[in-house]
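Residue numbers (our numbering), protein chains in the order written: chain A, 1 to 171; chain B, 1 to 171.
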DNA sequence: GGTTATATGATATATTATAACTTATAAAAA
DNA sequence: TTTTTATAAGTTATAATATATCATATAACC
Ligand SMILES: [Zn+2]
Ligand SMILES: [Zn+2]
Ligand SMILES: [Zn+2]
Ligand SMILES: [Zn+2]
């Protein structure tokens, strides 16, 4: 394994086993609320609820799975309800869409605008969000060399997380 | 604009305006046929036809658009026909799927296994495939630092190509 | 030739996402 | 404080993308 350098952040790590996830959610919601207030965005009860549901899974969640959960309290919810909330949050950087999974995750660092960088474990399906400046810069540098103005970049890496590759090695 | 270095390749460039596209297609098909022969894969007439249709668009094409084209000569074709062919080629690196577009493009360099790296112009919808080792290495280095075995990486960059950003600048 | 594996045909259905119109609520203007 | 305007949410319908399953054909192998 290589070494981590400063400037390299893991926004949402693998294996969120023993953290206080209730607190984790409420912090994320509070951060989102603050962010919306600062930016004049309306953080409605519906949006709050959708964001809570996204965070409560603490991993990628599909729109229709989200819809099912939403219906527990809002029996009448329909697809546009959830898609609108998702679009709103994606537009403002509070949720990322993982293209290769058709799924959504809460962003752990919405204040700092960035493209999504994800490590997706093909075995345990866990997902880690990165915010690796070296990767982002390599992309921008290359685009720039071609006269391409990069506005939004997405990096999705499929492989095996340390826990899952360890299991085989050890097992 | 930055400078290109050796090792940096643009596999499929923007603006394939004045190239002999008939030849471009037939070269790609010939390369695919050779590749399949070498690797004991059966390059059936149906698969050939699907690959030709993918290349003939010289850009990303959707599965159902492909199906429509296929039906010109195979009136009975159904979705699984085209998805199977696409899956076959994707599995063997001859076609890439662009996740953010739900679309497919022929790979310009199947012999060298690589993840897809795409610059997608939001205005003219053209797509350039890169094979930038610096980007790929930055991804692998970071994954490695986290004990993540990267197996497949996808990079999709949305922005504006030089032609489209030039149009605005020039008026 | 008989067996096995692979590929394709054909039908049905699952999954993901959006269009379009209506009603409710909030913000701004008069 | 009414009126107006903009934004958000409810509702119905449908579009777009992808897969499951079973039947048939073709190719590879023995
Ligand atoms: Zn948590
Ligand atoms: Zn993020
Ligand atoms: Zn794992
Ligand atoms: Zn390629």
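In this text, a Cβ means the ideal position worked out from N, Cα and C, and glycines have one as well.
Could you give the DSSP three-state label for residue i: helix, strand or coil?
i                      : result
residue 148 of chain A : coil
residue 154 of chain A : strand
residue 21 of chain A  : helix
residue 43 of chain B  : coil
residue 36 of chain B  : helix
residue 97 of chain A  : strand
residue 84 of chain B  : helix
residue 54 of chain B  : helix
residue 74 of chain B  : coil
residue 175 of chain A : Only positions 1 to 171 of chain A appear in the structure, and residue 175 of chain A is not among them; the question remains open.
For chain A, is any of its Cβ atoms less than 7 Å away from the one on residue i?
i                      : result
residue 153 of chain B : yes
residue 134 of chain B : yes
residue 147 of chain B : yes
residue 156 of chain B : yes
Using a Cβ-Cβ cut-off of 7 Å, state whether residue i counts as contacting chain B.
i                      : result
residue 118 of chain A : no
residue 93 of chain A  : no
residue 165 of chain A : yes
residue 72 of chain A  : no
residue 107 of chain A : no
residue 36 of chain A  : no
residue 30 of chain A  : no
residue 138 of chain A : yes
Quick one, which of the options has its alpha-carbon nearest residue i's?
i                      : options                       : result
residue 100 of chain B : B/155, B/49 and B/82          : B/155
residue 53 of chain A  : A/36, A/80, A/165 and A/22    : A/22
residue 128 of chain B : B/159, B/146, B/151 and B/142 : B/159
residue 157 of chain B : B/98, B/39 and B/40           : B/98
residue 41 of chain A  : A/147, A/93, A/119 and A/114  : A/93
residue 148 of chain A : B/86, B/146, B/151 and B/121  : B/121
residue 205 of chain A : A/88, A/143 and A/116         : Coverage of chain A is limited to positions 1 through 171, which leaves residue 205 of chain A absent and any answer about it impossible.
When you measure from the CB of residue i to every non-hydrogen atom of ligand 3, does any distance come out below 6 Å?
i                      : result
residue 121 of chain A : yes
residue 124 of chain B : no
residue 24 of chain A  : no
For a test of your reading of the model: does the CB of residue i fall under 6 Å from any non-hydrogen atom of ligand 4? Yes or no.
i                      : result
residue 107 of chain B : yes
Is the closest heavy atom of ligand 6 to the C-beta of residue i under 6 Å?
i                     : result
residue 21 of chain A : In the structure shown, ligand 6 is absent; the only ligands present are ligand 1, ligand 2, ligand 3 and ligand 4.
Whole beta strand (DSSP E) elements within the stretch 104-147 of chain A, 3-residue minimum:
117-121 and 127-132
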